[in-house]
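Chemist: Using the numbering used here, you'd call the opening residue of the sequence shown number 1 and step up by one each time.
Just so you know, even glycine gets a beta-carbon here, dropped at the ideal spot from N, CA and C.
As the structure is a computational prediction, the values presented were derived from the model and not from experiment.
Structure below; questions to follow.
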Amino acid sequence: RRILEEKEIELQNTGTDPHDIVHLILNANRILSEDANVRMEYQMDDMMTLFLVIDNMGKTLSNLFVEVLRRPEVYRRMVKEAREADTSSLLSLDQSLRYTELVILEILRIHPTLMRGIRVLSEATTLNGLPIKKSALIFFGQLVLHKHPDYWEKPEEFIPERFANGTASIEPFTYLPFVAGP
């Protein structure tokens, strides 16, 4: 909170020209509310989201580099694809980097951004003969799901091609890199 307040003063002293990401957040939230307390809540939420996104992105990129550099053939194929990519638009670039997308999906299977998820039951149920009450918290591990042999062929192996047909063929709720999934 103190950092946001200091950045607000800094922005007021330097004018409306943003100098960093925090200034951009402050300016954007002025549009949402005139009430300073409400605005502060939006700003705090935006800052937490920003830090979580950066943290997850950093972890994913680190895992990507490690896994790709361990596999020279994957590295060569990604470099070749990038060099031949159509960069005339974001859409064409996205469509040109198909193998890279498969690699990223496989990285997220092997190294999900979070290790566990939590859900609240919307109704009572029974699991393996045990009654579970409505509103109970259910904890589950993405990594366990992502490496379970009932759902994945050769789950311990790095096989980007397993995603060649997208995620439609994947058993629902067994691929949850961001705690949500198909």
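(1) What would DSSP say about Thr113, mapped onto helix, strand or coil?
(2) Have a look at Glu5, Glu171, Asn165 and flag the residue whose alpha-carbon is nearest the alpha-carbon of Asp150.
(3) Along the chain, where does the alpha helix (DSSP H) containing Ile9 start, and where does it finish?
(4) With DSSP collapsed to three states, give me the class of Pro72.
(5) Compute the distance between the beta-carbons of Leu97 and Glu73, then report whether it is under 8 angstroms.
(6) Nearest CA to the CA of Glu84: which residue from Leu69, Arg70, Val144, Thr100?
(7) Buried or exposed: Ile107, going by 16 or more other Cβ atoms within 10 Å of its Cβ?
(8) Between Glu157, Arg2, Gln142, which has its C-alpha nearest Arg70's C-alpha?
(9) Gln43 and Asn29 look like a contact to me (Cβ under 8 angstroms); what is the Cβ gap, rounded to whole Å?
(10) Can you pull the DSSP bridge partners for Pro131?
(11) Go to Ile159, then tell me how far its beta strand (DSSP E) extends in each direction, as first and last residue.
(12) May I ask you to report which of helix, strand or coil DSSP gives Leu93?
(13) Hey, Thr113 and Thr60 are a contact pair by Cβ (cut 8 angstroms); roughly how many whole angstroms apart?
(14) Among residues of its own chain, excluding the 5 on either side of Ala136, which ones have a beta-carbon nearer than 6 angstroms to its beta-carbon?
(15) Please list, in chain order, all residues of the same chain as Gln142 whose beta carbon is under 8 angstroms from its beta carbon, the five residues on each side excluded.
(16) Nearest to Val22 by alpha carbon, out of Ile3, Ile31, Gly15, Asp35?
(17) Can Met47 and Ile25 be called in contact, C-beta distance under 8 angstroms?
(18) Mind checking which residues open and close the beta strand (DSSP E) that includes Ile138?
Modeler: On the basis of the data shown:
(1) coil
(2) Glu171
(3) 2–14
(4) helix
(5) no
(6) Thr100
(7) buried
(8) Glu157
(9) 5 angstroms
(10) Thr126
(11) No beta strand (DSSP E) contains Ile159, which DSSP labels as neither H nor E.
(12) helix
(13) 6 angstroms
(14) Leu121
(15) Pro112, Leu114, Met115, Arg116, Gly117, Leu176, Pro177, Val179
(16) Ile3
(17) yes
(18) 137–141
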